[in-house]
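A.B. asks: I am attaching a structure below and will ask some questions about it afterwards.
Protein chains in written order, with full-length UniProt numbering: chain L, 1 to 692; chain V, 1 to 692.
This is how it looks when you write it as structure tokens:
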């Protein structure tokens, strides 16, 4: 028996026989009088066991597993008879809701002798919600909205307190909740709920402070919604606030697209159309309600049980969601109306969840770095890392975060829409039929590719049949990255980004195109209305070069500020980041050199950040304080940015070296074409673009 | 020079010449370097000087008066040249807004030498708002909603904080306001206001916590509304929150009357008509908006400058105003939905004041003792009294408060509608043409009276001409009290309330009326459709007896509980209390014996309480804590109440003595008629009635 573990519990009395109880996995132990409910013993030791009904055998959340046997390491002989047999309450619960044979309700089980009790993960209040990726921490469940079942004293005309005041008193005595307030709308239904529930009700309490909903009797389900308001799509996850589980996910197009494809065109719309901001606010809120309906239906739940929602979005989406005119974000100094996180009533956003549901909108960081980046930070936790960590969320604008637990820097860089297939002659959005993978044979210079919707390479048998339905319609962002990188590796593309016309001698796919050359990727079917011819033109290369140079320059600027020459870990966030092969991104010089095994795709990290803020209320305070400490860099006014940008136009870079990449890939020697082309869209013509 | 007054101020330095400044009336004094603004000197000494603009010479609230001369008691020779001459800013203010010749703006006046400075009452933040009645304390101005003019830093893209965060920082540095929040709706207009005002704005801050409104530039006006929601009439006072002055008062009929004349009939309506509570809530809120328009128009102000409103009302009005079903208040145990005071958004009550205006609803005390009684306590302050103080608010129910600074008790007693002229054969509401004063000659037994609308007695010349327009149409509450009391003094009414038939021998005005008698008060014009005949019947007397016995019994019950046999001070609140002659009320035994000079009419004390809560935020906390400590007595279930009630049926009382009253009035000896009348509506048939 370990002497280091502290033994506490009920004080020994002459009358009461004491028993030793050890809880696993925590190892907490104490002596308790025979007859003590196991739940009570656990609580007095600070063992984390959930309960919504407060020990009345209704909710079933406090299940434990008595471990029977001799446990030398605990010094306990834990026998079956050392816990009371199941009573009627427990039998009723098991019959109604089902319970595993070896499980017991800890509130109904009494200590009868020495006992080892296991608390399964699903019975813990602060359970870990597991994330699939190995490189990130799990989420500790601690939702802002909690349910409490409570028995309220009936009114007494000799001591005429209000029903609300008696409810508050009951929540204090039964749940140790103090200084509670109550929403007026909830109060309007309070008297009926208390009487219908015969003075037993379940209440939802927001952040331990405000009673936001009330139901007669026992109500064990509470849901939350984590929403990423992107400029193109709005995505929502419906979560069970008791388990942390994602019950449904859905996405809709952002209907603001009809006001403008990208963010800047939406801001222009507002500037030119008085009331345009209100129209866009109404549009996004409508879409949110459609989405709410969709996830509630998918999960088969009543949307009034959605009690909490969290939102992330870039600054313009953030402002439009909140009904704030985004005009100021359209020009320097890019002033946010507010940058702090906000807790609001759902009704303030006209969101059709529970009428007193609460909404939390994550904080913005700067005029170009929004609540979406705050979500990315919450998901990827660079502020907790030992390693110098780079997190990049690539869109029309790229948001870049760099640093570790000591310092964290952030900026936004205007990468333009090329990575999403726009401004590329053969570009298209990622959809079935789009080329997403490309390989070029270094000898024959012949390409092969994969399209979305098929697992076959284009040179494999059956490819034509499998892609007959979709056809080969264009090249999406990841396909563009790969074809350019492969062209570079094959010598078709020079360091300065010129398509090498000299290679026309070696392959008919290099073809003159005015004063420049292009690479024929796919012949098409030769009919004008059928499968198109897909070729990579010099202009396509220039568009990607502009984007990747802007991204690299932004990263490099942060590295300068942080005083580092190397990053130790890279996370690529966003839809684009999830689909590109990081090796090709590095070959093109989108990201700086780094061991390839240290580069990960983070998926929709912004949306994950919203989910973390939904499931764990403390992370809201965390992110607010992290965001305050982030050093914000405005690339638009940094002289050094232009310099870095010009240097970064080369592939992978005009001057920087990529030693880790060179270990994995055989990079061609630096090459340049003799004369620069004056007629191309070079690095000079630039304007700020927003992520769309 | 007094050595007891502490001298503080800026620390003396070798360079700066120091001057002694004394502020009156506070007597605070200190030494300051020559050149210090007088406002700054005052603030550093804690002298109470107002300022909205923060010392920029815009608001004119910091005016002071330099006192010129030799002040031996201060040891100062205060010369004209010891304060700097008026500068341009001051001249501009004086030209634009006007300023008395001897006044100066303290923010623009610099100390040049020893000085005596008077701070006039209207320049104090915490000015006293004078109440007309000598027996109550003045109100110290300290409104929940305050205006602050502030200069905000412009956005800087190198330090990209939100406009809100910079506003909050400015309010912290310029006004020492910390931990401020901001309403979303206010935030939605923030950016525009800041730019329109060129980074100078005025904000309204609620209770030092929430920014609730914002205006570009300087805005010096803020208004509030104190509302008494009575079951018959709703009355509002519009107040200037900077001066405490009442700018406009108005009243409307409570439109809920169409659902039921008195409170119980309205509760019945709700019970019998699903949704009836919502209809009544909508009706009262509509009326409130009509009233808001009316007072804003009367005062000539924009209703969006009404930033705060306070409400009192009985429990049923309180619940209906708040949108809470009053059904539970219709029967035992008379459970309130909530009894605490509530701070709400005006929009939650659909009140058309400023969109982010705040509303405070005073707390209720018990199921029959509402926020109106809380208002009465705030106005009459029995909880601060040394004397045993009785406060009575008479309506269909009477609310009774008894006690002093040690203990305070409250109850409600079902007095019925007789005091308001209902259930009285000749009764009517107080309106022109109603008899309100009555005298009966003890010799001739002839009556004379006054009607509302004329100052003449009915036996004075010109009475007929002056009352020709209104006629003599009935007897209002105060008239009923007087005629019964005069009948008693003249021997026409016996101690047990019987109209003395034996007196028919002495006057033709005593006339048989079935088995009882009546007293002919006014002959009328003899035409059925003209001026009616007005007589006091035995049933009329019984109705008043029931009401006054209930009132007295409630008071007596509280006296028992408090353990006193005498009250030392009486306040009569409410419209009825304002109009009755307290002597007659005591002759009838409505209130217990007390020196007549200690009985006062408090007017609409509930409404005054609302005004106090509007003008002084601390009183809200005060009343919440007083209300918690009040001992609540439920008369309906007190056995002793019935006993007291029966004893109190006599005039003035069957057993109690009235020594103080007897000193002022010659009371007849106790008398009884031989046989009780079995056919009359005696004390047995009773039901709880609500004030209407």
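Beta carbons are placed, not taken as given, at the ideal position from N, Cα and C, and that holds for glycine.
Tell me the residue span of the alpha helix (DSSP H) that contains residue 184 (chain V).
C.D. replies: Counting from one through the second chain, the residue named residue 184 (chain V) turns up at place 184. Per DSSP, residue 184 (chain V) belongs to the alpha helix (DSSP H) from 184-188.
A.B. asks: In the DSSP output, what is residue 411 (chain L) paired with across the bridge?
C.D. replies: Within the first chain, the letter at position 411 stands for residue 411 (chain L). Per DSSP, L:400, L:633.
A.B. asks: Is it the case that the CB of residue 214 (chain L) approaches a heavy atom of the ligand SAM more closely than 7 Å?
C.D. replies: This structure lacks the ligand SAM; in fact it carries no ligand of any kind.
A.B. asks: What is the C-beta distance between residue 144 (chain V) and residue 308 (chain V), in whole angstroms, given that I count them as a contact (C-beta under 8 Å)?
C.D. replies: Position 144 of the second chain, counted from the start, is the residue given in the question as residue 144 (chain V). Position 308 of the second chain, counted from the start, is the residue given in the question as residue 308 (chain V). The Cβ separation is near 6 Å, so the contact holds.
A.B. asks: Hey, how far is the Cα of residue 211 (chain V) from the Cα of residue 342 (chain V)?
C.D. replies: Your numbering for residue 211 (chain V) matches position 211 in the second chain. Your numbering for residue 342 (chain V) matches position 342 in the second chain. Computed Cα separation, rounded: 18 Å.
A.B. asks: Listing by chain order, which chain V residues have their CB less than 7 Å from the CB of residue 161 (chain L)?
C.D. replies: For the purposes of this step, residue 161 (chain L) is identified with residue 161 of the first chain, where counting begins at 1. Ordered by position in chain V, the residues that pass the 7 Å Cβ test against residue 161 (chain L) are 339.
A.B. asks: Using 10 angstroms around the beta-carbon of residue 487 (chain V), count the other beta-carbons present and answer buried if the total reaches 16, otherwise exposed.
C.D. replies: Residue numbering aside, residue 487 (chain V) sits at position 487 when the second chain is read from its first letter. Result: buried.
A.B. asks: My parser needs the beta strand (DSSP E) runs of 3 or more residues fully inside the stretch 11-52 of chain V; what are they?
C.D. replies: Correct list: 18-24, 29-33.
A.B. asks: Taking all protein chains shown into account, do 16 or more other C-beta atoms lie within 10 angstroms of the C-beta of residue 19 (chain L), making it buried, or fewer, making it exposed?
C.D. replies: The residue labelled residue 19 (chain L) in the question sits at position 19 within the first chain. Residue 19 (chain L) is buried by the Cβ-count criterion.
A.B. asks: Would you kindly work out how many angstroms separate the C-alpha atoms of residue 33 (chain V) and residue 121 (chain V), rounded to a whole number?
C.D. replies: Indexing the second chain from 1 puts residue 33 (chain V) at position 33. Indexing the second chain from 1 puts residue 121 (chain V) at position 121. Rounded to whole angstroms, residue 33 (chain V) to residue 121 (chain V) spans 27 Å at the Cα level.
A.B. asks: Have a look at L:636, L:147, L:268 and flag the residue whose alpha-carbon is nearest the alpha-carbon of residue 219 (chain L).
C.D. replies: On the first chain, position 219 is the one that residue 219 (chain L) refers to. Residue L:147 is the option with its Cα nearest to residue 219 (chain L).
A.B. asks: What does a CB cutoff of less than 6 Å around residue 355 (chain V) pick up in its chain, not counting 5 residues either side in sequence?
C.D. replies: Position 355 of the second chain, counted from the first residue, corresponds to residue 355 (chain V). 185.
A.B. asks: I'd like to know if residue 344 (chain V) contacts chain L, where contact means its C-beta is closer than 8 Å to some C-beta of that chain.
C.D. replies: Mapped onto the second chain, residue 344 (chain V) falls at position 344. So, interface residue.
A.B. asks: Between residue 524 (chain V) and the rest of its own chain, which residues show a CB-CB distance below 6 Å, the 5 nearest in sequence each way excluded?
C.D. replies: In the second chain, residue 524 (chain V) corresponds to position 524, counting from 1. Correct list, in chain order: 531, 532, 533.
A.B. asks: Give me the subset of the stretch 140-158 of chain L whose CB atoms are less than 9 Å from a CB atom of chain V, sorted by chain position.
C.D. replies: Under the 9 Å Cβ criterion, the stretch 140-158 of chain L contributes 154, 155, 156, 157, 158.
A.B. asks: Under 8 Å between the Cβ atoms of residue 336 (chain L) and residue 160 (chain V)?
C.D. replies: Your numbering for residue 336 (chain L) matches position 336 in the first chain. Your numbering for residue 160 (chain V) matches position 160 in the second chain. Contact flag set, yes.
A.B. asks: Taking the CB atoms as reference points, tell me whether residue 45 (chain V) and residue 55 (chain V) lie closer together than 8 Å.
C.D. replies: Residue numbering aside, residue 45 (chain V) sits at position 45 when the second chain is read from its first letter. Residue numbering aside, residue 55 (chain V) sits at position 55 when the second chain is read from its first letter. No.
A.B. asks: In chain order, which alpha helix (DSSP H) runs of at least 4 residues are fully inside the stretch 350-403 of chain V?
C.D. replies: Those alpha helix (DSSP H) runs which fall completely within the stretch 350-403 of chain V and span 4+ residues are 371-380.
A.B. asks: Any beta carbon of chain V sitting closer than 8 Å to that of residue 632 (chain L)?
C.D. replies: By one-based count along the first chain, residue 632 (chain L) stands at place 632. Answer yes: the Cβ-Cβ gap between residue 632 (chain L) and chain V drops below 8 Å somewhere.
A.B. asks: Looking at the C-beta of residue 169 (chain L), does it have a partner C-beta in chain V at a distance below 8 Å?
C.D. replies: As a position in the first chain, residue 169 (chain L) is number 169, starting the count at 1. Residue 169 (chain L) does not count as touching chain V.
A.B. asks: Using a Cβ-Cβ cutoff of less than 6 Å, which residues in the same chain neighbour residue 58 (chain L) once the five nearest sequence positions on both sides are dropped?
C.D. replies: As a working note, residue 58 (chain L) is residue 58 in the first chain. Within the same chain, residue 58 (chain L) has close Cβ partners 218.
A.B. asks: For my contact list, residue 490 (chain L) and residue 440 (chain L) are in at a C-beta cut-off of 8 Å; report their separation, rounded to the angstrom.
C.D. replies: Reading the first chain from its first residue, position 490 is the one you call residue 490 (chain L). Reading the first chain from its first residue, position 440 is the one you call residue 440 (chain L). The Cβ separation is near 5 Å, so the contact holds.
A.B. asks: Taking 8 Å as the cut-off, does the stretch 284-301 of chain L touch the stretch 324-338 of chain L (at least 3 CB pairs, one atom from each stretch)?
C.D. replies: Counting Cβ pairs under 8 Å, fewer than three are found: no touch.
A.B. asks: Report the neighbours of residue 328 (chain L) on chain V: residues whose CB is nearer than 9 Å to its CB, in chain order.
C.D. replies: Looking up residue 328 (chain L) in the first chain gives position 328. Near residue 328 (chain L) (Cβ distances below 9 Å), the residues of chain V are 155, 163, 191, 195.
A.B. asks: Contact between the stretch 596-610 of chain L and the stretch 367-386 of chain L: three or more CB pairs below 8 Å?
C.D. replies: Yes, since at least three Cβ pairs between the stretch 596-610 of chain L and the stretch 367-386 of chain L fall closer than 8 Å, the two stretches touch.
A.B. asks: Mapping the DSSP letters down to three states, classify residue 648 (chain V) as helix, strand or coil.
C.D. replies: If you number the second chain from 1, residue 648 (chain V) lands on position 648. In the structure shown, residue 648 (chain V) sits in coil (DSSP, three-state: anything other than H, G, I, E or B).
A.B. asks: So, helix, strand or coil for residue 444 (chain V), using DSSP?
C.D. replies: Here the question's residue 444 (chain V) lines up with position 444 in the second chain. DSSP places residue 444 (chain V) in coil when its eight states are reduced to three.
A.B. asks: Taking DSSP's pairing of strands, which residues face residue 474 (chain V) in a bridge?
C.D. replies: Counted from its first residue, the second chain places residue 474 (chain V) at position 474. Its beta-bridge partners are V:434.
A.B. asks: Between residue 17 (chain V) and residue 63 (chain V), what straight-line distance do the alpha-carbon atoms span, to the nearest angstrom?
C.D. replies: To locate residue 17 (chain V), count along the second chain from 1; it is residue 17. To locate residue 63 (chain V), count along the second chain from 1; it is residue 63. Cα to Cα, residue 17 (chain V) sits roughly 25 Å from residue 63 (chain V).
A.B. asks: Identify the continuous beta strand (DSSP E) that holds residue 252 (chain L) and give its terminal residues.
C.D. replies: Position 252 of the first chain holds residue 252 (chain L). Counting along the chain, the beta strand (DSSP E) containing residue 252 (chain L) begins and ends at 246-253.
A.B. asks: Which residue from V:113, V:298, V:94, V:93 puts its Cα closest to that of residue 67 (chain V)?
C.D. replies: As a working note, residue 67 (chain V) is residue 67 in the second chain. The option with the nearest alpha carbon to residue 67 (chain V) is V:113.
A.B. asks: Looking only at its own chain, which residues have a Cβ that is under 7 Å from the Cβ of residue 558 (chain L), when we skip the five neighbours before and after it?
C.D. replies: Mapped onto the first chain, residue 558 (chain L) falls at position 558. Contacts found: 400, 402, 409, 411, 633.
A.B. asks: Does the separation of the CB atoms of residue 427 (chain L) and residue 510 (chain L) fall below 8 Å?
C.D. replies: Within the first chain, numbered from 1, the residue matching residue 427 (chain L) stands at position 427. Within the first chain, numbered from 1, the residue matching residue 510 (chain L) stands at position 510. Not in contact: residue 427 (chain L) and residue 510 (chain L) (Cβ atoms no closer than 8 Å).
A.B. asks: Under 8 Å, Cβ to Cβ, is there at least one residue of chain B near residue 323 (chain L)?
C.D. replies: Judged by its chain identifiers, the structure shown contains no chain B, and its protein chains are L and V.
A.B. asks: For a cutoff of 8 Å on Cβ pairs, would you count residue 414 (chain V) as touching chain L?
C.D. replies: Translated into positions along the second chain, residue 414 (chain V) becomes position 414. No, residue 414 (chain V) does not count as interfacial toward chain L.
A.B. asks: Report the CB separation of residue 229 (chain L) from residue 321 (chain L) in whole angstroms; it is logged as a contact under 8 Å.
C.D. replies: The residue labelled residue 229 (chain L) in the question sits at position 229 within the first chain. The residue labelled residue 321 (chain L) in the question sits at position 321 within the first chain. Right, the Cβ-Cβ distance comes to about 6 Å (below 8 Å), so this counts as a contact.
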